[in-house]
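Heads up, the thing below is written out as C-alpha cells.
Numbering (the numbering used here), first residue to last: 2 to 222.
Rendered as C-alpha cells:
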C-alpha cells in the first residue's frame with residue numbers, strides 16, 4: 002500500500018518540495034544582499050537582545066539540552082513511526098515519515114544551495130561549522146509538531162498536542178538564537194518552511210481516500 006500511495010503522489014510531492022525550496026533560496030539571497038549592504042540590522046539586533054540574558058549556568062543547560070536532543074532525535078523519530086504502526090495507524094506513520102524525511106532533505110538542500118555562514122558574534126557553547134540558512138532545528142521541530150497536532154486532532158489530546166508542540170517549537174527556535182548558531186531569519190524561515198511542507202504533504206496524501214487523519218464529522222469534543 003505504501004509503495005502505491007507514494008508512487009501515485011510522487012510528482013505532487015516533488016512539486017511541493019521544489020515549490021518550498023525555491024522561495025527559500027530567493028529569500029536567502031535577498032537577505033544576504035541586504036545584510037551585505039548593512040540595511041537590515043534585525044538579525045544582529047535580535048541576537049544581541051537574546052544574548053543579554055545569557056549566563057554560564059544557562060549556557061551549560063541549553064548546550065546540554067541541545068546535545069541530548071540531538072542524540073535522541075533519530076531513535077525518537079523511529080520509535081514514533083514504529084509506535085504508530087503498532088497502534089495500527091499506518092497512514093499516520095507514513096505521513097509522519099514522509100514529512101520528517103522530506104523536511105530534513107529540504108533543509109539540507111537549501112543549506113547547500115545558499116551556503117550562509119553561521120553567526121560569529123560570540124563564542125557559542127555548541128559551535129557549528131556547517132551552513133546556517135534555514136535552521137534545521139526550527140524546520141524539523143515545526144514539521145514534527147504539526148504532524149503530532151494533525152494526528153492528534155480527532156482525539157481528546159488535540160489541545161495538549163497543540164500546546165506542547167507550539168511551546169516545544171518556540172523553545173527550540175529560541176535556543177538556536179541563545180546559542181548564537183543562527184540568525185533570527187534562519188529560524189523564522191525554518192519555521193515557515195516546516196509548516197508549509199507539513200501541510201502540503203498532508204494535503205497531497207489526504208486526497209487518497211485511505212488517508213483520513215482529520216475527520217471533522219467524528220472529531221471528539
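Even for Gly, the Cβ is constructed at its ideal location relative to N, Cα and C. Nothing here was measured: the structure is a model prediction, and the numbers come from that model.
C-alpha distance - residue i paired with residue j, whole-angstrom precision
i           : j           : result
residue 203 : residue 57  : 42 angstroms
residue 98  : residue 168 : 22 angstroms
residue 148 : residue 110 : 22 angstroms
residue 47  : residue 163 : 27 angstroms
residue 158 : residue 139 : 23 angstroms
residue 63  : residue 206 : 37 angstroms
residue 80  : residue 156 : 21 angstroms
residue 76  : residue 82  : 10 angstroms
residue 166 : residue 150 : 7 angstroms
residue 59  : residue 137 : 22 angstroms
residue 72  : residue 173 : 15 angstroms
residue 84  : residue 74  : 15 angstroms
residue 185 : residue 170 : 14 angstroms
residue 61  : residue 146 : 26 angstroms
Buried versus exposed, by CB contacts within 10 Å (16 or more), residue i
i           : result
residue 65  : exposed
residue 187 : buried
residue 133 : buried
residue 135 : buried
residue 183 : buried
residue 181 : buried
residue 44  : buried
residue 118 : exposed
residue 69  : exposed
residue 160 : exposed
residue 201 : buried
residue 37  : Residue placement at residue 37 cannot be trusted, given a pLDDT of 44 that sits under 50; the coordinates are not used to answer.
Extent of the continuous alpha helix (DSSP H) to which residue i belongs
i           : result
residue 55  : Here residue 55 belongs to no alpha helix (DSSP H), and DSSP marks it neither H nor E.
residue 121 : Taken as a continuous stretch (DSSP letters only), residue 121 belongs to no alpha helix (DSSP H), as it is neither H nor E.
residue 187 : 185-207
residue 147 : 137-153
residue 169 : 159-179
Own chain residues within Cβ distance below 7 angstroms of residue i, not counting five before or after
i           : result
residue 102 : none
residue 86  : 94
residue 104 : 140, 141, 144, 195, 198
residue 78  : 101
residue 55  : 179
CB contact check: residue i to chain B, cutoff 8 angstroms
i          : result
residue 55 : No chain B appears in the structure shown, which is made up of a single protein chain.
Of the listed residues the options, nearest to residue i (C-alpha basis)
i           : options          : result
residue 208 : 73, 96, 79, 60   : 96
residue 144 : 72, 190, 84      : 190
residue 152 : 59, 89, 118      : 89
residue 50  : 201, 175, 196    : 175
residue 129 : 177, 105, 172    : 177
residue 127 : 154, 200, 74, 67 : 67
Residues near residue i in its chain [Cβ-Cβ closer than 8 angstroms; skip 5 each side]
i          : result
residue 52 : 122, 123, 179, 181
6 angstroms Cβ shell around residue i - same chain, five flanking residues per side excluded
i           : result
residue 112 : 132
residue 116 : 132
residue 192 : 139, 143
residue 100 : 144, 148, 199, 202
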